[in-house]
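So the sequence lines, in the order shown, correspond to chains L and B. The first sequence begins at 1 in this note's numbering and counts up by one. The second sequence begins at 1 in this note's numbering and counts up by one. Note that the Cβ used here is the ideal one computed from N, Cα and C, for glycine as well. Every value quoted in this text rests on a predicted model; they were computed, and no experiment measured them. For reference, the structure is listed below as structure tokens.
Protein chains: 2
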Amino acid sequence: MIRLAASRTTATGWMMTKRRKSRAVYVGPVKVGGGAKISVQSMTTTHTHDVDATVAQIRELAEAGCQIVRVAVPTMKAALCLGRIKSRIPLPLVADIHFDHKLALEAIRQGVDGIRLNPGNMRSREGVFEVVRAAKRAEIPIRIGVNSGSIRGGGKAPNLVKLMVDTALRYCEDFERLKFRDIKISLKASDVAATIDAYRLIASQCDYPLHLGVTAAGPPDTSLVKSSIGIGTLLAEGIGDTIRVSMTGPPLAEVKAGLEILRALGLAERGIEVVSCPTCGRCEIDLSRIVEQVRARLAGVKGNLQIAVMGCVVNGPGEAREADLGIAGGKGFGFLFRKGRRIRKVPEKQMVDVLVQEARKLI
Amino acid sequence: MIRLAASRTTATGWMMTKRRKSRAVYVGPVKVGGGAKISVQSMTTTHTHDVDATVAQIRELAEAGCQIVRVAVPTMKAALCLGRIKSRIPLPLVADIHFDHKLALEAIRQGVDGIRLNPGNMRSREGVFEVVRAAKRAEIPIRIGVNSGSIRGGGKAPNLVKLMVDTALRYCEDFERLKFRDIKISLKASDVAATIDAYRLIASQCDYPLHLGVTAAGPPDTSLVKSSIGIGTLLAEGIGDTIRVSMTGPPLAEVKAGLEILRALGLAERGIEVVSCPTCGRCEIDLSRIVEQVRARLAGVKGNLQIAVMGCVVNGPGEAREADLGIAGGKGFGFLFRKGRRIRKVPEKQMVDVLVQEARKLI
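Written as structure tokens, this is what we have:
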């Protein structure tokens, strides 16, 4: 074997030690960057001028673990509703602005906690500067959101990536001339590789906190893969301060996916985690059913617990032993493990009950 | 702004230029490593001794794009079926062996294209060496599969990662003393961060091709996130030669997810890709329905095409212009784009028909 020189003395603790240093900004009470926990965002799909529907959706998102919420502000009618929405929700509110700076000025008057805009699609350059000055007075941050779709003539990567990064940095410099530094940056492309490269490049060129996401990621099954790779790869490299999974569909799934990504990388509380094997030809119990029933019966239970449901005696006992609670299946029965110790034999029919009972005891 | 020195002169083309150099092995006709395309694997869930069911499942996997298939070989009865299975399937066949080296010897006699085993759970050390000698004579590769669950006393990362890597490298050295080098390595943990770190570490220490996967990743929704992050992060860093998504459930979904991961990173043909926006409060058309219907009606159509279905005039025209085919929605209508040019206005009701028609024309 060719033993290559290790490029690092140790590979472990990579994610924690290598996290990119960014400056902190505050979206309401939520700290973004500067070593803060990575926050999960989403965006409403209701008409913003329908205050009741918007508030109801935001409350649902908050309940699921969303920490910052954004709403579209396409009209002055929508902008004028923001104060009422804000007064009825438990989350910091960000106004998504396009084309018309007056909508942003009104949003700031209404008391929003942040503005998201792309200076490149605003009609008036001087209007953008007015928004920056108003945000400075209100002490709220602005996210500069450069999407691949907004770059004219960018074409495909590598040009596109360089153009996105240069464009965003030029906007930052414009804002800094007004002594405004409460900036977050996003560089979303619908191409995952371009998204990763764009964030990698800008991460090495400035210290602003980064809002991660893959844009236009498509329906849930496609988005789950694209967003997990795009956001996950960057987080695993220490890049990123706040995330939004973008999906065609109800935003609740975006929040769940965002949290799942953070959990998978150990960047959020685990909650109840069920690990289970892929049920090969060695499996003699109805594993899928058991996993689904255990998950359903423990849904909503708060606490951190890893439960391993394994189909056979090959990897089963090992995984079951490492988890807080585990079952390693045999033929119509399984061995129950608790905190690394084998406790007793359990018939298949009782597995769900026993796992749920033991889980509740441990939490 | 603090302009940091760029750590690379260019961030683009990262994935292609940085791909780790590995030696090549062949699983049947499929080259793994040595610059070959990344292959997608899966594993059957049927009883291997049920030859008809196993063959049927393998054919279904092959049809979906699977390139290498593995079957569990828990008994001599199963081992004795491998030749019959192999003669009826279009894919190279890998035998998954635990505990008993005689099962591996029989599998090799039956003509399998590869063996997967974990020397650490085989009852006889001398038996493993017999398998290595038999594989050498048969000129088939062995995957050394070290799973986190098989490491006794490993505990949690960072110890676990180092132990997994050291264990795998020690097995490699054992095999090399028998002049056997047709080795692939996998280091699967159910913890995503540990999986990533283990592969990163071993990638820097040897040149054997790596089989990527997150083990016991759980049911589809969880596995999709865990596997996309684990496998995707490594691939985006240039690490990995063949992949398997592991899911509790039917293996067809594993193959689809594996291909989706490769596509997202530009490592496989794109196929028909629908990008679509997350439908915020600016969207005035029924986007989810349109996306689902377009996908359903183009399912099974061969060819490479990117279709953008966008809900509004903000990012819509940009994305629609970059795609091969696109719709940017307005209120009850949309603009059709083809190869970057705006073609005409289309009423919402006709969007699905028009997109499907245009897609068929372009392919």
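Report the rounded CA-to-CA distance for Ala257 of chain L versus Lys102 of chain B, giving the unit in angstroms. 45 Å
Just how far apart, CA to CA, sit Gln357 of chain B and Glu273 of chain B? 16 Å
What residues in the region 95-112 of chain L bring their beta carbon closer than 9 Å to a beta carbon of chain B? Asp96, His98, Phe99
Beta-carbon spacing of Val32 of chain L, Ser39 of chain L below 8 Å: yes
If you reduce the DSSP assignment to three classes, tell me which class Ala36 of chain B lands in. coil
Distance cutoff 8 Å, beta carbons only. Does Pro92 of chain B sit that close to anything in chain L? no
Am I right that Ala216 of chain B and Ser190 of chain B are in contact with their C-beta atoms under 8 Å? What's the rounded C-beta distance? 4 Å
Roughly how many whole angstroms lie between the Cα atoms of Ile363 of chain L and Gly271 of chain L? 10 Å
What does DSSP give as the partner residue(s) for Pro347 of chain L in the beta ladder? L:Phe333
Kindly indicate which three-state DSSP category Asp207 of chain L falls into: helix, strand or coil? coil
Taking only beta carbons into account, state which residues of the region 54-82 of chain L come closer than 9 Å to chain B, listed in chain order. Thr54, Arg70, Val71, Ala72, Val73, Pro74, Ala78
Under three-state DSSP, which class holds Glu273 of chain L? strand
For the beta strand (DSSP E) containing Val165 of chain L, name the first residue and the last one. Segment 159-177 is the alpha helix (DSSP H) holding Val165 of chain L; no beta strand (DSSP E) there.
Using 10 angstroms around the beta-carbon of Arg360 of chain L, count the other beta-carbons present and answer buried if the total reaches 16, otherwise exposed. exposed
If contact means a Cβ-Cβ distance below 7 Å, which residues of the region 262-275 of chain B contact chain L? Ala264, Leu265, Gly266, Val274, Val275
So what's Leu252 of chain B in DSSP terms, helix, strand or just coil? helix
Closer than 9 Å between beta carbons: that is the criterion. Which residues of the region 274-291 of chain L meet it against chain B? Val274, Val275, Ser276, Cys277, Pro278, Thr279, Cys280, Gly281, Arg282, Cys283, Leu287, Ser288, Val291
Phe99 of chain L versus Gly230 of chain L - alpha carbon distance: 28 Å
Taking contact to mean 3 or more Cβ pairs, one atom from each stretch, closer than 8 Å, check whether the region 170-179 of chain B and the region 132-145 of chain B are in contact. yes
So Met164 of chain L and Ala198 of chain L are supposed to be a Cβ contact under 8 Å. How far apart are they, rounded? 5 Å
Near-chain L residues of the region 41-53 of chain B (beta-carbon distance less than 8 Å), N- to C-terminal order: Met43, Thr44, Thr45, Thr46, His47, Thr48
Have a look at B:Arg23, B:Lys339, B:Lys136 and flag the residue whose alpha-carbon is nearest the alpha-carbon of Asp324 of chain B. B:Lys339
Buried or exposed: which applies to Arg177 of chain B, given that a residue is buried once 16 or more other Cβ atoms fall within 10 Å of its Cβ? exposed
Quick check on Gln57 of chain L: buried or exposed, where buried means 16 or more other Cβ atoms within 10 Å of its Cβ? buried
Cβ-based neighbour list, Pro317 of chain B, same chain, cut-off 6 Å, excluding 5 preceding and 5 following: Ala328
Apply the 10 Å Cβ neighbour rule to Gln67 of chain B and answer buried if 16 or more other Cβ atoms are within range, or exposed otherwise. buried
Taking the Cβ atom as the reference point for each residue, do Glu319 of chain L and Met310 of chain L lie within a distance shorter than 8 Å? yes
Closer than 8 Å by beta-carbon distance: list the chain L residues that pair up with Asn315 of chain B, in chain order. Asn147, Gly149, Ser150, Thr215, Ala216
What do you reckon, is the C-beta of Gly238 of chain B under 7 Å from a heavy atom of the ligand MN? Summarising the ligand content, the structure contains no ligands, and the ligand MN is consequently not present.
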